[in-house]
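Chemist: Per the numbering used here, the sequence shown starts with residue 182, numbered consecutively.
Even glycine gets a Cβ: it sits at the ideal position worked out from N, Cα and C.
The model shown is predicted, which means the values in this text are computed figures rather than measured ones.
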Amino acid sequence: MKHLLSIEKLSAVEIERILADAAVMKRERGHHAFQPLKGQTWALIFSKSSTRTRVSFEVGVSELGGRPMFLSAGDIQMGRGEPIKDTARVMGRMVHGAVFRTFAQADVEEFAAYAKIPTINALTDEEHPCQILADLQTIHEKLGSAAGKVVTFIGDGACNVASSWIFAAAKLGFELRIAAPKKFQPDAKLLKRAGGKVICTDDLKAATGDADVLYTDVWVSMGKEAESADRLAALNGFQINQSVVKLAKKNALVMHCLPAYRGKEIDEKTFEANAATIFDQAENRLHVQKAVLRWVVS
Ligand code: CP
Ligand code: NVA
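1. Do you know how far the Cα of Arg235 is from the Cα of Pro249?
2. Going by Cα to Cα distance, which pick from Phe251, Lys330 and Asn432 is closest to Ser230?
3. Beta strand (DSSP E) containing Leu395: first to last residue?
4. Whole angstroms is fine: what's the gap from Ala204's alpha carbon to Val473's?
5. Any heavy atom of the ligand NVA closer than 7 Å to the CB of Cys311?
6. Applying the 10 Å Cβ sphere with the 16-neighbour rule, what's the burial state of Glu189?
7. In terms of residues, what are the limits of the beta strand (DSSP E) holding Lys437?
8. Using the C-alpha atoms, what's the distance from Val394 back to Asn465?
9. Threshold first: 3 residues or longer. Then list the beta strand (DSSP E) segments lying entirely within the region 267-347, N to C.
10. Within the present structure, is the beta-carbon of Asp448 separated from the nearest heavy atom of the ligand NVA by less than 7 Å?
11. Could you give the first and the last residue of the continuous beta strand (DSSP E) run that contains Thr382?
12. Does Lys370 pass the burial test, meaning 16 or more other C-beta atoms within 10 Å, or should it be called exposed?
13. Can the beta-carbon of Ser187 be found less than 8 Å from the beta-carbon of Asn302?
14. Looking only at C-alpha atoms, which of Gly338, Gln312 and Thr389 sits nearest to Cys438?
15. Just to confirm the assignment: which complete beta strand (DSSP E) runs, minimum length 3, are found wholly within the region 405-461?
16. Considering only C-alpha positions, which residue in the set Ala294, Val426 and Glu308 is nearest to Lys450?
17. Using only alpha-carbon positions, find the residue among Met275, Ala193, Met436 and Gln286 that is nearest to Ile335.
18. Look up Thr222 in the DSSP assignment and give the residues it is bridged to.
19. If we count Cβ pairs, one from each stretch, closer than 8 Å, do we get three or more for the region 345-353 versus the region 402-418?
20. Is Phe284 closer than 8 Å to Asp306 when the C-beta atoms are compared?
21. For Lys207, which residues from the same chain have a beta carbon less than 7 Å from its beta carbon, with the 5 sequence-adjacent residues on both sides left out?
22. Kindly examine the ligand NVA and report whether one of its heavy atoms sits closer than 7 Å to the Cβ of Leu304.
23. Looking only at its chain, what residues have a beta carbon closer than 7 Å to the beta carbon of Arg374, apart from the 5 residues adjacent to it on each side?
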C-alpha cells in the first residue's frame with residue numbers, strides 16, 4: 182500500500198517518477214485514456230481552509246474516473262472529538278482513498294495506519310508535500326532539473342512549506358538557503374535528519390545573491406493566528422520585493438505557494454510581475470496530484 186505522507190518519506194526515484202507522470206498529465210489533460218480511480222470514492226477530509234488543494238483534488242479525482250467526497254472536519258464527528266483512528270477505520274471500510282489536511286503530522290500518519298487505504302497529506306503543520314511537488318514541476322518546466330540550482334526561501338523558515346523544501350533539497354541535490362530571523366529558522370534536529378546542503382541565515386542579502394529561485398510563503402500559517410502580531414514584527418524585512426529580486430540571478434523565478442498577503446511576504450509589484458510563474462505553480466497542483474493519485478493506486 183502506498184501513501185504520500187511527506188517529502189521526507191519519498192525517495193528521489195519516486196519524486197522523479199511522479200514529476201515525469203505530472204508532465205504527461207499536463208500534456209494529455211482532457212484526452213488521456215487511463216482511469217485509475219474508476220469506480221472509486223475518495224474522501225477529502227479538511228480540518229483547515231483551502232482553495233487550491235481542495236479544488237485540485239476534487240477535479241483531479243474526477244478526471245481520473247473517481248468520485249471525490251469533500252468532508253469538512255467540522256461537519257463530521259471528528260470535529261466533535263471522535264478519535265482519528267476511529268474515523269480512519271470507518272473510512273477504510275467505505276472509501277478507496279483519502280486526502281487529509283490537518284494540524285499534526287502524526288494524525289495523518291495515524292489515519293493512514295488505521296484506514297489501510299492510500300492516504301495523501303494535503304498539508305499538516307509539519308509538511309506540505311503536494312505543494313513542493315508542484316513547485317518542483319514548475320521549476321523543471323522553466324529552468325530544467327532542480328539539481329545544482331540555488332533555491333532561496335525567504336520568510337517563515339520553520340513552516341510546513343519550508344520543511345518540505347528542506348527534505349527535497351537533499352533528495353534532489355539543490356542548494357537551499359533559508360533567509361529568516363533566528364526565531365523562524367528551522368529546527369536543528371530537522372536539518373540534521375534531512376541532510377543535504379541547507380544554509381540558514383538572517384542575512385537576506387547573502388542568501389539571495391545568485392539565487393535561481395526566490396520563494397516565499399505566508400508569515401502567519403493556519404493555526405498560528407494567535408501569534409500574528411509577533412510574527413509580523415519579527416518577519417518585517419524578510420519580504421520579496423524589487424530590491425531583493427535585483428540581488429538574485431537575472432532570470433530568477435519568484436515563487437509563492439499562495440495565498441499571498443501583499444505588503445507582507447511579497448509586495449504587489451513583485452507579485453504581479455511574477456504572476457505567470459505563481460499561477461503556473463497553482464495550476465501544477467492539479468497535474469502533479471493526479472500523478473500522485475495514479476502512483477498511490479499503482
Ligand atoms: N497552496 C495551498 O495549499 O493553497 P490552499 O490552502 O488554498 O489549498
Ligand atoms: N504555510 C501555510 C501554507 C498555506 C498553503 C499554512 O500552513 O497556512
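Modeler: So, from the data block:
1. 10 Å
2. Relative to the Cα of Ser230, the nearest Cα in the group Phe251, Lys330 and Asn432 belongs to Phe251.
3. Bounds of the beta strand (DSSP E) holding Leu395 are Val394 to Thr397.
4. 12 Å
5. no
6. buried
7. The sequence given here places His at residue 437; Lys does not occur at that position. Unbroken beta strand (DSSP E) run through His437: Leu434 to His437.
8. 17 Å
9. Every beta strand (DSSP E) stretch that sits fully inside the region 267-347 and reaches 3 residues is listed by chain position as 278-282, 300-302 and 331-335.
10. With a threshold of 7 Å, the Cβ atom of Asp448 does not count as near the ligand NVA, since no heavy atom of the ligand is closer than that.
11. Val379 to Thr382
12. Lys370 should be labelled exposed.
13. yes
14. Gln312
15. 434-437
16. For Lys450, the nearest C-alpha among the options comes from Val426.
17. Nearest Cα to Ile335 within the set Met275, Ala193, Met436 and Gln286: Met436.
18. Bridge pairing for Thr222: Arg248 [DSSP].
19. no
20. yes
21. His468
22. yes
23. none
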